[in-house]
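A quick write-up on the structure given underneath.
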Amino acid sequence: MRSSSSSLSCGERSGSISLLSSTAKHIGSPTPSSTHKRPKLTAAAEAVPAALRVFRALCRELSVRAEPCLAKLGPIRRVDLKAVEILKANGRWPLNGIAPILGPVPGVEVGAEFIYRMELALVRLHRPPEHGIDYDPVSGFATSIVASGGYPDLWNFSKGVLSYIGMGGCPGRRNGEARDQKMEGGNLALKRSIEEKMPVRVIYGFRNLKQRTASVFVYDGLYTVDACRKVIGSNDCFVFEFQLRRMEGQQPSSSKRELEMMKMFRKWQQRSARCASKKLSKGKLSIETEAVMKLLS
Numbered sequence: 658m659r660s661s662s663s664s665l666s667c668g669e670r671s672g673s674i675s676l677l678s679s680t681a682k683h684i685g686s687p688t689p690s691s692t693h694k695r696p697k698l699t700a701a702a703e704a705v706p707a708a709l710r711v712f713r714a715l716c717r718e719l720s721v722r723a724e725p726c727l728a729k730l731g732p733i734r735r736v737d738l739k740a741v742e743i744l745k746a747n748g749r750w751p752l753n754g755i756a757p758i759l760g761p762v763p764g765v766e767v768g769a770e771f772i773y774r775m776e777l778a779l780v781r782l783h784r785p786p787e788h789g790i791d792y793d794p795v796s797g798f799a800t801s802i803v804a805s806g807g808y809p810d811l812w813n814f815s816k817g818v819l820s821y822i823g824m825g826g827c828p829g830r831r832n833g834e835a836r837d838q839k840m841e842g843g844n845l846a847l848k849r850s851i852e853e854k855m856p857v858r859v860i861y862g863f864r865n866l867k868q869r870t871a872s873v874f875v876y877d878g879l880y881t882v883d884a885c886r887k888v889i890g891s892n893d894c895f896v897f898e899f900q901l902r903r904m905e906g907q908q909p910s911s912s913k914r915e916l917e918m919m920k921m922f923r924k925w926q927q928r929s930a931r932c933a934s935k936k937l938s939k940g941k942l943s944i945e946t947e948a949v950m951k952l953l954s
């Protein structure tokens, strides 16, 4: 279904999605060396905010679903996954077959905030849509972790220390039973990072009190994995507990960050609601809505 009142051309209708594809391909590109204190923005630094703006706009359109072609989608548990699904189905997801990045991601600064989990994948910060550990299967090293409260992780912002529980064995998910964690996959990659002293990116997920999953994600910088031990978890099964320490020389983290993120999330909710209301009251379709409608038609 297309709006007869729209004067946008076919190229303009899909412009936002094409922009996502063209800008995101630059994310993670090497940053050229420079002796200037304030070098020009790299392609990666310019691509990150542009890609995020478009992706968030698409997610908002799926959340509102004011048009019949969007309403027919039915309930959507995670609009970010649905947006990625649509983009992949139309060959517009820019990250297919792209290798993971070890260390810092050009264009993503410490303290960067993300609303949707799949934004982490879009900027190549953390690829898995659910798993807490990302790793490079070629090198065998862990690249990033997300600590969002799914396991009893312990955070000490003031000291820059994180006690992180490994992957697997968590009860209560998809009716699975509690079981011992295994030294494989992401757990093995984190252990290898200890041995080779490879830095790991750490992202914290903060929850809205009314939601079960993380609502805001914050990139806290690079950590070293100092140790790993096998302990008995709260489910009476063996789990791997990794000790990570924040590397020095980075923008300082804050013990008040959780409160700040909750305030930011509430402001974002209010701003999104106002934007959606204003858009619908005018009776006009945004470029993003037109793009999604074109893909679904």
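Read in order, the letters of the sequence shown correspond to residues 658 to 954 in our numbering.
Every residue, glycine too, gets a C-beta built ideally from N, C-alpha and C.
According to DSSP, which residues form a beta bridge with residue i?
| i | result |
| --- | --- |
| D791 | S801 |
| F874 | F771, G862 |
| C885 | F899 |
| V857 | Y880 |
| L811 | S820 |
Taking the CB atoms as reference points, tell me whether residue i and residue j lie closer together than 7 angstroms.
| i | j | result |
| --- | --- | --- |
| G862 | S805 | yes |
| V803 | V780 | no |
| C885 | F874 | no |
| G826 | D837 | yes |
| V888 | S850 | no |
| M775 | V736 | no |
| G843 | V767 | no |
| A769 | Y876 | yes |
| N892 | A835 | yes |
Go to residue i, then tell me how far its beta strand (DSSP E) extends in each direction, as first and last residue.
| i | result |
| --- | --- |
| L901 | 895 to 903 |
| L782 | No beta strand (DSSP E) contains L782, which DSSP labels as neither H nor E. |
| S820 | 818 to 822 |
Nearest CA to the CA of residue i: which residue from the options?
| i | options | result |
| --- | --- | --- |
| T800 | M824, R903, R735, P761 | P761 |
| V859 | R902, S891, V896 | R902 |
| C716 | L744, A835, V705 | L744 |
| G817 | S720, R713, Q908 | Q908 |
| P856 | K887, D793, I733 | D793 |
| L709 | S872, Y773, A835 | Y773 |
| E703 | R749, P763, N892 | P763 |
| G789 | V795, S796, A778 | A778 |
| G797 | S872, R713, A846 | A846 |
| V896 | S820, K854, E852, S872 | S820 |
| L719 | I733, E905, K839 | I733 |
| R749 | L811, F771, K848, F712 | F712 |
| S872 | F771, P706, G906 | F771 |
| P751 | V705, V721, K839, L759 | V705 |
| K839 | C894, A714, V795, E852 | C894 |
Less than 7 angstroms between CB atoms is the rule here; does residue i satisfy it with respect to chain D?
| i | result |
| --- | --- |
| C716 | Here there is only one protein chain, and chain D is not present. |
List the endpoints of the continuous alpha helix (DSSP H) containing residue i.
| i | result |
| --- | --- |
| E742 | 736 to 746 |
Would the stretch 769 to 785 and the stretch 745 to 757 be scored as touching if the rule is three or more Cβ pairs under 8 angstroms?
yes
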